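**Q** Just dropping this structure here.
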Amino acid sequence: MIIPEDQIWMVVVGFLIAFVLAFGIGANDVANSFGTSVGAKVLTLKQACILATICELSGSVLLGAKVSNTIRKGIVSVELFGQIENGHVVLMAGQVAALGGSCIWLLIATFFRLPVSGTHSIVGATMGFSLVIFGLNAIQWQGLLKIVGSWFLSPALSGLASIGVFFLMRYLVLRKDDPLEPSLKLLPGFFGTVVLVNCFSIFYEGPALLKFDKIPLYGVFIISCGCGIITVLIVKFIWVPFVRRRILTGESSSCIMKEFLSRKCKKKSSSTLNSKYPSVLSSDSSDAPIASHESIVMTAYLPKEDGVIITEAKNDIRNNSNKAIVGKSNGEDKTDARKSTNKAVLPVGEGVIQNEVPSHFEVKPSVPDEVNNGDKKTTLKGNQQLNMVVAYSANEQYLNNDSNHTLNNGKMNVTFPPNLATIGEEPEPIDLVKDRPAEAQVFSSLQILTAVFGSFAHGGNDVSNAIGPLIGLWLIATTQSVDSSKPTDLWILVYGGVGISVGLWIWGRRVIQTLGEDLTKMTPSSGVCIEIGSALTVLIASKIGLPISTTHCKVGSVVFVGRARSRDNVNWGIFRNILIAWLVTLPAAGAISAFLMYIFTFII
104 MIIPEDQIWM VVVGFLIAFV LAFGIGANDV ANSFGTSVGA KVLTLKQACI
154 LATICELSGS VLLGAKVSNT IRKGIVSVEL FGQIENGHVV LMAGQVAALG
204 GSCIWLLIAT FFRLPVSGTH SIVGATMGFS LVIFGLNAIQ WQGLLKIVGS
254 WFLSPALSGL ASIGVFFLMR YLVLRKDDPL EPSLKLLPGF FGTVVLVNCF
304 SIFYEGPALL KFDKIPLYGV FIISCGCGII TVLIVKFIWV PFVRRRILTG
354 ESSSCIMKEF LSRKCKKKSS STLNSKYPSV LSSDSSDAPI ASHESIVMTA
404 YLPKEDGVII TEAKNDIRNN SNKAIVGKSN GEDKTDARKS TNKAVLPVGE
454 GVIQNEVPSH FEVKPSVPDE VNNGDKKTTL KGNQQLNMVV AYSANEQYLN
504 NDSNHTLNNG KMNVTFPPNL ATIGEEPEPI DLVKDRPAEA QVFSSLQILT
554 AVFGSFAHGG NDVSNAIGPL IGLWLIATTQ SVDSSKPTDL WILVYGGVGI
604 SVGLWIWGRR VIQTLGEDLT KMTPSSGVCI EIGSALTVLI ASKIGLPIST
654 THCKVGSVVF VGRARSRDNV NWGIFRNILI AWLVTLPAAG AISAFLMYIF
704 TFII
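Quick note, the sequence shown lines up with residues 104 to 707 if you use this note's numbering.
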């Protein structure tokens, strides 16, 4: 049917806004699927974008039609528009307003790197334009209360499911001295569970385009369980031996292993300590490894001032000390290293502040705790002043006999005995929120699989947010009816999928960084727990009718697992901002949509 000339502008504007909305969804919501994988360094951003493009586009085409019908008809009763004059034109304008309101809000949230629910955005926008036309009678308050409840229900349920998986993994793998074999034994079960859950979500009431909607429930169970069992067998007898061989022979090429190896090999040749009288500490043997059998020489270049300065360093070390102190010496500087802290204490201004520079100097934790106490005085006369004193602990009389101090024209050489870390090297800190290489390598492939399935399902579900109102707009324009039962055209689904992919490539890194890196530190094992827990929650809740947001589920899982892994592993400031954005999404998108609809009433 030919579209009337007075309605063409709405169709054109609607298609343009729908593409921008799909762009915003791609930039914001796709972080739900691949944010954890990028944050855990399992995938690079480019690899994640390639996989997401394939999965989102295929998911939107195969699964998007059914959900689009829900978005198009399930929020506001279209029969109301049939009761007013030119109702179909008013509804078309409303669809354009809904697209605009949701689009503007999603772009604002993405600019501030806040993961918000695209579903709630389009729901709020639809309610907004309906308020302008019908007032409060247009709002289905029961549905609105369900959405408000989902703000708390979604993250709580998903978080509890994810930490349940995490506690199981921590008991079976993460607390083991050698995690390789326990993690490999766990791998087939995890793979099988992921495949079973996602196959069930795809086949149960699946897309009519592939005739999946005609499969009975028992058939869905048989297919899903069969796929899961086949996956378990393939992983157990093919993939597990392959991964074991690659890890044991050092053939791994994943980016997590590359980063680990490069960090172990990386050394810095010098460090600068800024105090009132700055001195530069450097190592003449910067390539010397930890636990070297050769001495390490530290050179301190001393500033010159008139006067006589006497510097005294007292060795008072006890209780299994592994602490290095670098301090400003005005007359006397006393070192007291206690209880295996493995930190460097560095001068800042007139005082000494810990943790200001965390790793300029380190003593290996394996250094024995028996030392012989003694004093060491160094007297400088003339125009030289010693501003820095270095003290350290070990099983030898370093401060008495084995350290070699040489003063020559303002330069002091201190020769350290073996088994000390190279000065200037950045030793690897003790990090509880970090997978060991074997854990990272084993769980990397599983996290990629969960992200791929999640992205496929996301494409089928969230493409409706972009093209649901657009489909309604197109069908009304072509049929001139507010209640068309015409099936969704495939090319419109592709249009929405392309918009999502473009948004991911151009702007997706912003929310991916928030969800995968800024909110909490991500590891492959944590990512697997997050993906499995959130996927189970979304599947079960959607089948029993609970209102669930995929964005809220993923954020809840990230926060719960991050907090379970370490007390200080969650950026609560960012989480607070995300919660505020969730609360504002519905009214903000609704207000923008209502404003646009108010303007349209003067045009139509």
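Every residue gets a Cβ at the ideal spot worked out from N, C-alpha and C, and that includes glycine. Bear in mind that the values here come from a model prediction, so they are computed numbers and not experimental data.
With H, G and I counted as helix, E and B as strand and the rest as coil, what does DSSP make of Val673?
**A** In this structure, Val673 counts as strand in the three-state DSSP scheme.
**Q** Which word fits Lys149, buried or exposed, when buried means at least 16 other C-beta atoms lie within 10 angstroms of its C-beta?
**A** Its Cβ having fewer than 16 others within 10 Å, Lys149 is exposed.
**Q** Indicate whether the contact test is met: 3 or more Cβ pairs, each with one atom in the segment 603 to 612 and one in the segment 221 to 234, closer than 8 Å.
**A** Segments in contact, no.
**Q** Quick check on Thr229: does DSSP put it in helix, strand or coil?
**A** Looking at Thr229 - three-state DSSP - the assignment turns out to be helix.
**Q** What does DSSP give as the partner residues of Thr623 in its beta bridges?
**A** BP columns for Thr623 point to Val673.
**Q** Am I right that Gly231 and Met625 are in contact with their C-beta atoms under 8 Å? What's the rounded C-beta distance?
**A** Actually they do not touch by this definition, with Cβ atoms about 36 Å apart.
**Q** Using 8 Å as the Cβ pair cut-off and three pairs as the minimum, do the segment 134 to 151 and the segment 652 to 661 touch?
**A** The answer is yes - the segment 652 to 661 touches the segment 134 to 151, with three or more Cβ pairs under 8 Å.
**Q** Which residue comes first and which comes last in the alpha helix (DSSP H) that contains Trp244?
**A** Trp244 to Met272 is the span of the alpha helix (DSSP H), which, as asked, contains Trp244.
**Q** Helix, strand or coil, according to DSSP, for Ser496 in the structure here?
**A** Since pLDDT at Ser496 reaches only 31, below the 50 mark, its modelled position is unreliable, and no value is offered.
**Q** Over the uninterrupted alpha helix (DSSP H) stretch that includes Gln583, give me the two end residues.
**A** Here Gln583 belongs to no alpha helix (DSSP H), and DSSP marks it neither H nor E.
**Q** Our contact map puts Gly562 next to Leu160 with C-beta atoms below 8 Å; I'd like the distance itself, whole angstroms only.
**A** Contact flag correct, Cβ pair sits at about 7 Å.
**Q** Between the segment 110 to 120 and the segment 627 to 645, do three or more beta carbon pairs fall short of 8 Å?
**A** No: fewer than three Cβ pairs fall under 8 Å.
**Q** Closest to Asn301 by CA distance: which of Gly659, Glu634 and Leu682 is it?
**A** Cα-wise, what sits closest to Asn301 is Glu634.
**Q** Taking C-beta to C-beta, are Ser71 and Gly203 nearer than 9 Å?
**A** Residue 71 lies beyond the residue range present for the chain, which begins at 104 and ends at 707; the question has no answer from this structure.
**Q** Excluding the 5 residues preceding and the 5 following Ala196 in the sequence, name in chain order all residues of the same chain whose CB lies nearer than 7 Å to its CB.
**A** Closer than 7 Å at the Cβ level, and outside the excluded window around Ala196, lie Met113, Met700, Phe703 and Ile707.
**Q** From the DSSP output, in three-state form, read off Val145 for me.
**A** Of the three classes helix, strand and coil, the one that applies to Val145 here is coil, per DSSP.
**Q** Measure the beta-carbon distance from Gly117 to Cys206 and round it to whole angstroms, keeping in mind my assumption that it falls under 8 Å.
**A** So it is not a contact: roughly 11 Å between Cβ atoms.
**Q** Within 8 Å, do at least three Cβ pairs link the segment 342 to 354 to the segment 281 to 288?
**A** Touching, per the Cβ criterion.
**Q** Do you know how far the Cα of Leu689 is from the Cα of Val235?
**A** Taking the straight line from one Cα to the other gives about 16 Å.
**Q** Give the straight-line distance between the Cα atoms of Arg612 and Leu154, rounded to the nearest whole angstrom.
**A** Cα to Cα, the separation comes out at about 14 Å.
**Q** Less than 6 Å between C-beta atoms, sequence neighbours within five positions excluded: which residues of the same chain meet that for Trp254?
**A** Trp685.
**Q** For Ile615, which residues in the same chain have their Cβ closer than 6 Å to its Cβ, ignoring the five residues on either side in sequence?
**A** Closer than 6 Å at Cβ, skipping near neighbours: Ala134, Gly138 and Val141.
**Q** Considering only C-alpha positions, which residue in the set Val343, Ile325, Thr334 and Ala554 is nearest to Cys158?
**A** Among Val343, Ile325, Thr334 and Ala554, the Cα nearest to that of Cys158 is on Ala554.
**Q** In or out: Val662 buried (at least 16 other Cβ within 10 Å) or exposed?
**A** By the 10 Å Cβ count, Val662 comes out buried.
**Q** Does the separation of the CB atoms of Ile318 and Gly309 fall below 9 Å?
**A** Taking 9 Å as the Cβ cut-off, Ile318 and Gly309 qualify as a contacting pair.
**Q** Please state the DSSP three-state secondary structure of Ser652.
**A** If DSSP states are grouped into helix, strand and coil, Ser652 belongs with coil.
**Q** Using a 10 Å radius around the Cβ and a threshold of 16 neighbouring Cβ atoms, would you call Thr147 buried or exposed?
**A** Thr147 comes out exposed.
**Q** Measuring alpha carbon to alpha carbon, tell me which of Phe556, Val545, Asp621 and Ala311 ends up nearest Phe215.
**A** Here the closest residue by C-alpha is Asp621.
**Q** My output table needs one value for Thr591: the three-state DSSP class, helix, strand or coil.
**A** Note: Thr591 maps to coil in three-state DSSP.
**Q** Looking at C-alpha atoms only, which residue of Leu320, Gly659 and Leu247 is the closest neighbour of Ser265?
**A** When each option's Cα is compared against that of Ser265, the closest is Gly659.
**Q** Ends of the alpha helix (DSSP H) at Val193?
**A** Residues Gly190 to Phe214.
**Q** Note the first and the last residue of the continuous alpha helix (DSSP H) segment covering Tyr321.
**A** It spans Leu320 to Ile337 - the alpha helix (DSSP H) in which Tyr321 sits, taken as one unbroken run.
**Q** Give the DSSP-derived three-state secondary structure of Phe710 in the structure shown.
**A** A question about residue 710 goes unanswered here, because the residues of the chain that appear run from 104 up to 707.
**Q** Determine the DSSP secondary structure at Ile106, reduced to helix, strand or coil.
**A** DSSP places Ile106 in coil when its eight states are reduced to three.
**Q** Can the beta-carbon of Gly619 be found closer than 9 Å to that of Leu124?
**A** The answer is no: Cβ separation not under 9 Å.
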